[in-house]
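Report on one structure; see the data block that follows.
In this note's numbering, the protein residues as written are 1082 to 1344.
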């Protein structure tokens, strides 16, 4: 028995040296991947595709394996000697990180599977709100063009039938100012804004990874004194936005229709 417990100690100690830094490194790895991409230290291909989706699952699997193995060995030592050897919180932390990682991936995959890859959302398919050359110049190089992509029209109509032009019982000038105020309260970076033209352009950035979207809003005065509100929101990167742009448009339309708040 004593020989067996000595063998357990010889395994537990170096295993703890591996498990502890692994448990600390794994969440830090994901944080660095997201922040580095957001702060433009590297592109999304490196931060998301390689660090998060390629290397990340391997780190989570390593946490799961070392966490389970060390837990079994520490508990076995306890049962055999009635004494603890090694820090039991280390493998427990590794297991919690692994569970969190697999849980996060499950949620991500569920969102991606339940929502279409729709990166260009607009209320007006025939005449989408456009972007000015000045905005395109400030935007710089991006992997997706500002030209409207009609390939998503059918998907949008199927999954988001409520995203259509909004008619409101107010004059265009007041509606435009309300729309502009909403954009500022929602945290959009307002670019060109013209009260006379009834349009403004803006940019938005996601909290994680800093994925950027481009937004154009247009307010048109109708003949009967009412106003028509249109919006377009599109992703700059060719990455599944998990419905981010569609939700932004829905929230905007709800707020302009008096049903919601900035968000």
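Every residue, glycine too, gets a C-beta built ideally from N, C-alpha and C.
Predicted, not measured: the structure shown is a model, and the values here were computed from it.
For residue 1083, the uninterrupted alpha helix (DSSP H) segment begins and ends at 1083-1119. In this structure residue 1299 is buried. Its beta-carbon is surrounded by 16 or more other beta-carbon atoms within 10 angstroms. Contact between residue 1316 and residue 1292 holds: their C-beta atoms lie close to 7 Å from each other, under 8 Å. Contact between residue 1197 and residue 1229 does not hold, since their C-beta atoms are separated by about 17 Å, which reaches or exceeds 8 Å. Its chain contains 1166 as the residues whose beta carbon lies nearer than 6 Å to that of residue 1090, once the 5 sequence neighbours on both sides are disregarded; these appear in chain order. Rounded to the nearest angstrom, the gap between the Cα atoms of residue 1101 and residue 1176 is 11 Å. Shortest Cα-Cα distance from residue 1241 to any of 1200, 1258, 1261 and 1262 involves 1200. Counting along the chain, no alpha helix (DSSP H) covers residue 1286; the unbroken beta strand (DSSP E) around it starts and ends at 1280-1286. Residue 1270 has 1284 as its beta-bridge partners, per DSSP. Exclusion of the five residues before and after residue 1219 leaves 1272 as the residues of its chain whose Cβ lies within less than 8 Å of its Cβ.
Shortest Cα-Cα distance from residue 1148 to any of 1322, 1093 and 1330 involves 1093. Contact between the segment 1262-1271 and the segment 1232-1240 is absent: fewer than 3 CB-CB pairs across the two stretches fall below 8 Å. Counting C-beta pairs with one atom in each stretch, the segment 1127-1146 and the segment 1099-1115 have three or more that are closer than 8 Å, which means they touch.
Take the alpha-carbon of residue 1231 and the one of residue 1179: they are about 41 Å apart. Residue pairing by DSSP places residue 1168 opposite no residue, since no beta bridge is assigned to it. By the criterion of a C-beta distance shorter than 6 Å, residue 1132 is surrounded in its chain by 1114, once the five residues flanking it on both sides are discounted. The beta strand (DSSP E) runs of length 3 or more contained entirely in the segment 1134-1204 are, from start to end of the chain, 1201-1203.
Using a C-beta cut-off of 8 Å, the segment 1304-1323 makes no contact with the segment 1150-1164, since fewer than three inter-stretch Cβ pairs fall below that distance.
Across the structure, residue 1254 and residue 1205 are spaced so that their CA atoms are roughly 20 Å apart. Taking the C-beta atoms as reference points, residue 1297 is found nearer than 7 Å to residue 1313.
Excluding sequence positions up to five before and after residue 1333, its CB lies within less than 6 Å of the CB of 1312, all in the same chain and listed in chain order. The DSSP-derived three-state label of residue 1277 is coil.
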